[in-house]
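Residue numbering for the sequence shown is 42 to 130, as defined by the numbering used here. Every residue gets a Cβ at the ideal spot worked out from N, C-alpha and C, and that includes glycine. Computed from a predicted structure; not experimentally measured.
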Amino acid sequence: MSDAVSKRCNRCNEVDVTDFSTCKSCGQKYIVPKYKAPSNNAPLIIIVVIIALGAGVYTCRDSLYKAVTSSLTGNQGTQTMLDKPPPKE
Numbered sequence: 042m043s044d045a046v047s048k049r050c051n052r053c054n055e056v057d058v059t060d061f062s063t064c065k066s067c068g069q070k071y072i073v074p075k076y077k078a079p080s081n082n083a084p085l086i087i088i089v090v091i092i093a094l095g096a097g098v099y100t101c102r103d104s105l106y107k108a109v110t111s112s113l114t115g116n117q118g119t120q121t122m123l124d125k126p127p128p129k130e
């Protein structure tokens, strides 16, 4: 009895530790559990990523708004040290 497991008969409700496929009391076949596929968490992961991206955009909305509007209007709004004329003496 290498594969002996505890099985309960659906007909007579007897519990038997066996590796047979039928009940020793009434001869009813035991229900063999089918393989259960692993759960797919992809939809949950996608929802979490969308929420995280939305929260990031919400927290940076002012700087993103300024960047988008300045690129659309052509007004950069910021200058670098190379763009500024040298100071007058």
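Element boundaries [alpha helix (DSSP H), containing residue 102]: 102-114
Going by the DSSP bridge assignment, what does residue 49 pair with across the sheet? 56
Look at residue 46 and residue 58 and say whether their C-beta atoms are less than 8 Å apart. A Cβ-Cβ contact shorter than 8 Å links residue 46 with residue 58.
How close, in whole Å, do the beta carbons of residue 50 and residue 62 come, if the pair is a contact with beta carbons under 8 Å? No, residue 50 and residue 62 are not in contact; Cβ-Cβ is about 11 Å, not under 8 Å.
Using the C-alpha atoms, what's the distance from residue 56 back to residue 64? 9 Å
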